[in-house]
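**Student:** One structure is given below, represented as structure tokens, and several questions about it will come after.
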Ligand code: G3H
Ligand code: 13P
Ligand code: ZN
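Shown next as structure tokens:
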């Protein structure tokens, strides 16, 4: 058993309370490798932004959970080396799908876990979430739960039958589970194809897809039911078209990739939405950089040359999100 406190990490409780009061959101960036982690920490340290390092089950399988844990511990020391005296860094399990996985993360030094039982029937979601909360809270680890199902590209986001979170369920769910934050569904979804072309309109000038707006009315109704309760948005990449174009012009194939417009994420950040999850944008930045270097310098075979540029692209992206979208700069 390792306590996250010994590693210099913090849980989300105080961070979220401050974010809601201050009208900004904390960035939750996924990481799978050293370059991503370096870029996240540099961006957070230089902007003095609290930050959530997210590890998915896939990341654990890819990079090894022991290595990831020590990388997060190293990140705290690296942040201090960069001049950030009291780093506000959370190590969070993203989309935990079982009690055992969440328990193993709590025991292993994570300061926050998500139990994603949103695909289970309501009562089963409550029972599993409650079990994780009871265990995690013994160690002062905070728990994110999910209610409602994020839309997939196959879903009709605009149809009357949606999987949006039902505002009438949130009080019962939060009270009975004791969760610390709630991920909701208001029209975001994972990946680089958040909407089908049929769900969008097309900008006549650029030919680019313009997505439908998020369901802010559902968010408002949830906030009315649970005033001041921390809300989380998954699937919040904006899929920057500069990266998509770069990738497509250098041998890639990402037709009609589309994300959530940043103005909408900015608006959400000012509300009780206090954690915004971003993964795909970093993947796009990384891929655009690697394609660029290898296209311009076909003879290059030192991975530091293209991974280094990828790291710079990601650092710029993270700083942009922190400063221009979430407003979390200067808050740590
Ligand atoms: O929500 C999903 C995250 O983007 C993590 O993705 O499971 O491919 O690591 P992954
Ligand atoms: P994106 O795919 O939009 O980056 O969402 C990431 C996410 O929600 C991680 O949990
Ligand atoms: Zn997610």
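Residue numbers (the working numbering): -9 to 322. Don't be surprised by glycine CBs; every beta carbon is placed ideally from N, CA and C.
#1: Exposed or buried, which one is residue 317 when buried takes at least 16 other CB atoms within 10 Å?
#2: Would you check if the distance between the CB atom of residue 10 and the CB atom of residue 218 is smaller than 8 Å?
#3: For residue 285, which option in 37, 242 and 159 has the closest C-alpha, if you only look at C-alpha atoms?
#4: To the nearest angstrom, how far is it from the Cα of residue 305 to the Cα of residue 190?
#5: Leaving out five residues before and five after residue 33 in sequence, what residues of the same chain have Cβ atoms less than 7 Å from its Cβ?
#6: Would you say residue 224 touches the ligand ZN, meaning its beta carbon is less than 7 Å from a heavy atom?
#7: Following a CB-centred definition, is residue 271 positioned closer than 7 Å to any heavy atom of the ligand 13P?
#8: Can you give me the C-alpha to C-alpha distance between residue 129 and residue -7, rounded to a whole angstrom?
#9: Between the Cα of residue 124 and those of 89, 47, 82 and 259, spot the shortest distance and give me the residue it belongs to.
#10: How is residue 245 classed by DSSP in three states: helix, strand or coil?
#11: Tell me whether residue 82 counts as near the ligand ZN, meaning its Cβ is closer than 7 Å to at least one heavy atom of that ligand.
#12: Can you give me the Cβ contacts of residue 205 inside the same chain, cut-off strictly under 7 Å, excluding the 5 residues immediately before and after it?
#13: Between which two residues does the alpha helix (DSSP H) holding residue 293 run?
#14: Give me, in chain order, the residues of the same chain whose beta-carbon lies closer than 8 Å to that of residue 151; leave out the 5 immediate sequence neighbours on both sides.
#15: So if DSSP puts residue 45 in a beta bridge, which residue, or which two residues, is it bridged to?
#16: From the DSSP output, in three-state form, read off residue 17 for me.
#17: Rank 277, 47, 257 and 1 by C-alpha distance to the C-alpha of residue 126 and give the top, closest one.
#18: Measuring straight from C-alpha to C-alpha, what distance separates residue 287 and residue 233?
#19: Could you tell me whether any non-hydrogen atom of the ligand ZN is closer than 7 Å to the CB of residue 127?
#20: With a cut-off of 8 Å on the beta carbons, I'd call residue 201 and residue 185 a contact; round off their distance for me.
#21: May I ask you to report which of helix, strand or coil DSSP gives residue 190?
#22: Extract the residue ranges of the beta strand (DSSP E) inside the segment 64 to 143, only unbroken runs of 3 or more that lie entirely within it.
#23: For residue 140 and residue 225, I'd like the C-alpha separation in whole angstroms.
#24: Quick one: is residue -9 buried, meaning 16 or more other Cβ sit within 10 Å of its Cβ, or exposed?
#25: How many Å lie between residue 228 and residue 113 at the Cα?
#26: Check this for me: beta carbons of residue 100 and residue 82, under 8 Å apart or not?
#27: Sorry if obvious, but does the Cβ on residue 20 come closer than 7 Å to a heavy atom of the ligand 13P?
#28: Within the chosen definition, does the segment 252 to 259 reach the segment 290 to 298 through at least 3 CB pairs nearer than 8 Å?
#29: Report the rounded CA-to-CA distance for residue 159 versus residue 282, giving the unit in angstroms.
#30: Let me know the secondary structure DSSP gives residue 148 once reduced to three states.
**Tutor:** Considering the structure as presented:
#1: Burial call: buried.
#2: Closer than 8 Å, so yes.
#3: Of the listed residues, the one whose Cα sits closest to residue 285 is 242.
#4: C-alpha of residue 305 to C-alpha of residue 190: approximately 30 Å in a straight line.
#5: The beta carbon of residue 33 is closer than 7 Å to those of 305, 308, 309 and 312 in its chain, skipping five residues each way along the sequence.
#6: Checking the Cβ of residue 224 against the ligand ZN gives yes.
#7: Yes, the ligand 13P has a heavy atom inside 7 Å of this Cβ.
#8: Going by the C-alpha atoms only, they are around 8 Å apart.
#9: The residue with the shortest Cα to Cα distance from residue 124 is 89.
#10: Here residue 245 carries a coil assignment [DSSP, helix/strand/coil].
#11: For the ligand ZN, no non-hydrogen atom lies closer than 7 Å to the CB of residue 82.
#12: A distance below 7 Å between beta-carbons, with the five flanking residues on each side excluded, links residue 205 to the following residues of its chain, in chain order: 154, 176 and 177.
#13: Counting along the chain, the alpha helix (DSSP H) containing residue 293 begins and ends at 293 to 310.
#14: Any reading at residue 151 must be qualified, since the residue scores a pLDDT of 46, below 50, and its modelled position is unreliable; the value itself is stated next. Hits under 8 Å: none found.
#15: In DSSP, residue 45 forms a bridge with 83.
#16: Residue 17 falls in the strand class under three-state DSSP.
#17: Each of 277, 47, 257 and 1 was checked against the Cα of residue 126, and the nearest Cα belongs to 1.
#18: Near 19 Å, if we compare the C-alpha coordinates of residue 233 and residue 287.
#19: Distances taken from the Cβ of residue 127 to the heavy atoms of the ligand ZN include none shorter than 7 Å.
#20: The C-beta distance from residue 201 to residue 185 rounds to 5 Å, short enough to fall under 8 Å.
#21: Residue 190 falls in the coil class under three-state DSSP.
#22: If we require 3 residues or more, the beta strand (DSSP E) runs fully inside the segment 64 to 143 come out as 79 to 86, 102 to 105 and 132 to 137.
#23: Here the C-alpha atom of residue 140 lies approximately 8 Å from the C-alpha atom of residue 225.
#24: Around the beta-carbon of residue -9, fewer than 16 other beta-carbon atoms lie within 10 Å, marking it exposed.
#25: The straight-line gap from Cα to Cα measures roughly 33 Å.
#26: For the 8 Å CB-CB criterion, residue 100 and residue 82 form a contact.
#27: Indeed, a heavy atom of the ligand 13P lies less than 7 Å from the Cβ.
#28: Three or more beta-carbon pairs separated by less than 8 Å are not found between the segment 252 to 259 and the segment 290 to 298, which leaves the two stretches without contact.
#29: Their Cα atoms are separated by approximately 48 Å.
#30: Summary for residue 148: the model assigns pLDDT 48, below 50, so the residue's position carries little reliability, and this model does not support an answer.
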